[in-house]
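Have a look at the structure below, then the notes.
Protein chains in written order, with my numbering: chain A, 1 to 521; chain B, 1001 to 1378; chain C, 2001 to 2326.
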């Protein structure tokens, strides 16, 4: 897989600033033909920026790009494609309501006849055939007539890859492609990558997940705070070394966790069924028993009903049938406030959509669940001084980096925004903590912090229901693990008995554990 | 209830629907590109106003020597250009300055009302500026001789024919050409469009301005083909009704056309009933019957088209259809007592209809996903 | 230039002219507060015009038929005006909450509907028409229904006091009460509001009702304070859109609303004199107001985009929430 000594692509001395933030600092990056080079760095290190410059969505402030040793100017994605550079984005660049064919045609549409330029008739049939042929060649089968919104995540990713191949890319950039895949799908992706390399392509693989790096890379470039801090290969390195390079200090790769001492049952879910707005069943016959002082992690690829389960639990989504009991109280279909007042905390999946009001200050967001209660209110009036006082306390306690308690929360970084939510939810006396994707998109420091607080809560006797698409997070934090697939709980295992392979099989629905309902009484 | 009456009514319905269709097409282009346009009313008003001013002034300055049709055409061009300019303003405010699109649309409306009222009071009324008439009706040979359908479709003024052509063309263009594909991608998922090199900002600008031109035609047609002169605030809400028409028509040109016919029919009926020769209760029950029939048909089509996913279930469709049929027959048998509904109430029909549409159907209709949000490069 | 000086004199030149300014500003303040309140809740209440009218009509109906002592009658009629406006607006709020129908369109439709109904009602055969009158107008309010005058022998009625008190109350309500927090939360982020347990549907209806109530109150005050104490065509026209402009101009903050309402009121008051002296027609005022609105709206947004916003400057509104498919 290592051929000539000539790099097929070189980024020389690339720098890019956004205002006062230096996102890329004199970066040197070379890609050789038919190799997989991993660009490793934590969230915020500058990987995306660099690739967007390469792909023409941004323009570098300094430096040059060389293709096959010749300098080139890339002003927009069309230029990039012309030079054979294609990008498979982390958040798919596909129009949901259009078909696969239409998505692949977009931007360079084939038409029947050239007469009226952009007003000529779209030639969907020819493109369909081309897609099928291409799929055959690279082993990426897709249905050209399917609507993108109907595809599974793995299928959609294949469409994205097919798209760059269709547009003639020889250099393929994969931006955090495994974030949404199960272990098995990840293996399939790696196989596809090997096939692509064999067919003459070169790949840049962007990730922050250390495990994958060693199994997929030919060479590794590590980015930190916008600078290149290391070039290495898998044989010359290890996960611990890469971690140090990535973060700049020693990192706890797994959380430190003692044994759990579970107590009484806090949450009881019986035969829960939830329907989505379009009438389809998204959670089916779900049973779960959660005790105080234990962490139950729900593993599974996103979109298998986890979000709806959590929303049903917290009163944000109607329950179709079944029962939810918190500390013995039937709270099925209770309003969010009732659930909260029963001693529940909820750290939502989408922090900007549900968890925060971006237009409000940090201080206001910190009391968003309790603005109507003492000491912040007497039921009618609001007491701003109390709100301010509370804000100062929490900011110190949770190390929230903000210019002032009155700054708008939208000015904070992702990590600090999440800390605001954590500060708010963890500060009340709670029995049950429901967390969904707690550390998505966060830097390592914030991740460590939040994991520590979760374990502290557990040790203080809180029952914790954790949902995460990051299998490592689940494995690291949970005492018990459940796997959700297609809305059902397909497996329930003790954490110290679980392994990735096995979990991965459950996550794809390949295996189905015999239900252990007898155990739960 | 004879055919002659129905033909006259349907023809009037098309004429009344025309401004709404133009307005809805404006909304279509805008929203498919992702821009909300509350200012259609203002753009229509501007178009009407400038069309009148243009044609009347040309007529005046040429002292009657010029063929009035030429003056009208010039007026039309001026009207369309003006509304396109106004739309340009909306575009700049909401795309470049990222002002909330609802606010910038309202600003447009305010300005349009203010300016047109002002000039009307200051110049048009005092000088009794008169229009040069309206476009003549063109009877299409052969086709207009077809019984019933002929006179309804093929005996119209030229802007109506233009409208027919536009609807058919846009239906094709939006769904079957590269231009349409790109337009829709910008409105649905601008990040994707951007990632393949489509200029989201430029697309939005272009389509807002084009849409503005269409809205201007909608206003102009009221002056140039109906009344022949400008009245203050003559659009009286049509720009907003056009939005309901757009939603009702599910953001497609043909759909909007069909929906507009419904509204046009309501308005035409209101006008016709003022003559006093048709029993009002009879007319209302006929409307009810026709509405039931049309709705059940609509649900049936939806069901077939979306393969049983949308539209109502068969029992519901059949029930409503039967209700419609029964009412139709009954209405024609019963002699209704003479009840005179005040003129003002008759004119309420389109507004009430708009509200009904928005409440009854918006739940199901989903517009372009990225509508209303200013685009920021990631 | 002569025009502007005439404008200024017309607005502030003499005590009587100043009083006219105040009288013209009063409904703008109150209705502007209503619009601003709705804005804060993420709602665009363009139906202020119709709600104003219905408030006036309600005041006429009650005020021409009920003759209680003034101290009871006046609050009663004010309440009638407010309640009718509130109900009208709440209807649109309900349509939005239950069906997702955008309030811009439903309120404008209601405007037209209300206008037509009222035109009929004060028309030749209408039930509210003043008998033996040749113009469309209603009967005049009874003496006990009229607002007390503050300075004897002038037109200055109590309305301005009500308006200023309301401005303070609205400010207090929005920023110091639990409901105010809820309304503003819904306005900024519907989803987060649900997450913290706010009943969003109830909230939307409530916000619209308050907004419409203020508009209706403004309409009632107009009838109760300005001779000849009746309702006629041409009355209140344009106040709807003006109060919109006022609300935006005032940065949607109650204090700002008061000031900008004064500005607009002054412009209206002075416009008459301006027409007389400088022969500049009244309609240019509308034009000017529209331009001002545009520039201010643009300015605000530019400011908030290109500079870091000052902490907690809660100016931005999100009115397109829920318009599209998401």
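Glycine included, each C-beta is placed from N, C-alpha and C at the ideal position.
Non-local C-beta neighbours of residue 214 of chain A in its own chain, meaning closer than 6 Å and more than five positions away in sequence, comprise 234, ordered along the chain. Contact between residue 184 of chain A and residue 504 of chain A holds: their C-beta atoms lie close to 5 Å from each other, under 8 Å.
The shortest C-alpha to C-alpha distance from residue 250 of chain A to any of A:396, A:339, A:448 is the one to A:448. For residue 351 of chain A, no CB of chain C lies under 7 Å from its own CB, so it is not counted at the interface with that chain. The beta-carbon separation of residue 2026 of chain C and residue 2163 of chain C, rounded to 5 Å, stays under the 8 Å limit for a contact. A straight line joining the alpha-carbon of residue 1087 of chain B with that of residue 1096 of chain B spans about 13 Å. Excluding sequence positions up to five before and after residue 221 of chain A, its CB lies within less than 8 Å of the CB of 29, 37, 38, 39, 40, 228, 230, 231, all in the same chain and listed in chain order. Residue 1272 of chain B has its alpha-carbon roughly 30 Å from the corresponding atom of residue 1073 of chain B. Using a C-beta cut-off of 8 Å, the region 2196-2207 of chain C makes contact with the region 2035-2044 of chain C, since at least three inter-stretch Cβ pairs fall below that distance.
By DSSP's assignment, residue 1083 of chain B forms no beta bridge with any residue.
Boundaries of the alpha helix (DSSP H) around residue 239 of chain A: 239-247. A distance below 7 Å between beta-carbons, with the five flanking residues on each side excluded, links residue 16 of chain A to the following residues of its chain, in chain order: 23, 24, 49, 53, 58, 60, 61. Exclusion of the five residues before and after residue 1252 of chain B leaves 1028, 1171, 1174, 1175 as the residues of its chain whose Cβ lies within less than 8 Å of its Cβ. Nearest C-alpha to residue 126 of chain A among A:117, A:314, A:166: A:166.
Beyond the five residues adjoining it in sequence on each side, residue 2157 of chain C comes within less than 6 Å, by CB distance, of 2147, 2149, 2225 in the same chain, given in chain order. The Cβ neighbour count for residue 374 of chain A, taken over all protein chains shown within 10 Å, is under 16; the residue is labelled exposed.
Residue-level contact check: residue 374 of chain A does not touch chain C, since none of the beta carbons of chain C fall below 7 Å from its beta carbon.
Residue 2223 of chain C counts as buried, since no fewer than 16 other beta carbons sit within 10 angstroms of its beta carbon. Residues of chain C with a Cβ closer than 7 Å to the Cβ of residue 1244 of chain B are, in chain order, 2105.
The beta carbon of residue 1123 of chain B lies closer than 8 Å to those of 1129 in the same chain, with the five residues before and after it left out.
Judged by beta-carbon spacing, residue 173 of chain A lies beyond the 7 Å limit of residue 131 of chain A, meaning their Cβ atoms are not closer than that value. Residue pairing by DSSP puts residue 491 of chain A in a beta bridge opposite A:483. Across the region 1247-1264 of chain B, no CB contact with chain A closer than 7 Å is found for any residue. Against chain A, a Cβ distance below 8 Å from residue 1188 of chain B picks out 95, 96, 97, 98.
In terms of Cα proximity to residue 2262 of chain C, the closest of C:2029, C:2016, C:2053 is C:2029.
Below the 7 Å Cβ cutoff, chain A contributes 118, 119 as neighbours of residue 1179 of chain B, in chain order. Boundaries for residue 413 of chain A: no beta strand (DSSP E) harbours it, and the DSSP string shows neither H nor E there. For residue 347 of chain A, the enclosing beta strand (DSSP E) begins and ends at 344-347.
The Cβ atoms of residue 2214 of chain C and residue 2076 of chain C lie no closer than 7 Å to each other. Nearest to residue 396 of chain A by alpha-carbon distance, out of A:192, A:427, A:380, A:411, is A:427. Classified as exposed, residue 2125 of chain C has fewer than 16 neighbouring CB atoms from the shown chains inside 10 Å of its CB. Nearest to residue 340 of chain A by C-alpha distance, out of A:65, A:199, A:326, A:298, is A:326. Against chain C, the CB of residue 226 of chain A has no partner CB under 7 Å away; the residue lies outside that interface. The closest CA to that of residue 486 of chain A, considering only A:150, A:300, A:147, is found on A:300.
At a cut-off of 7 Å between beta carbons, residue 109 of chain A contacts chain B. In terms of Cβ geometry, residue 1019 of chain B and residue 1184 of chain B do not form a close pair [threshold 7 Å].
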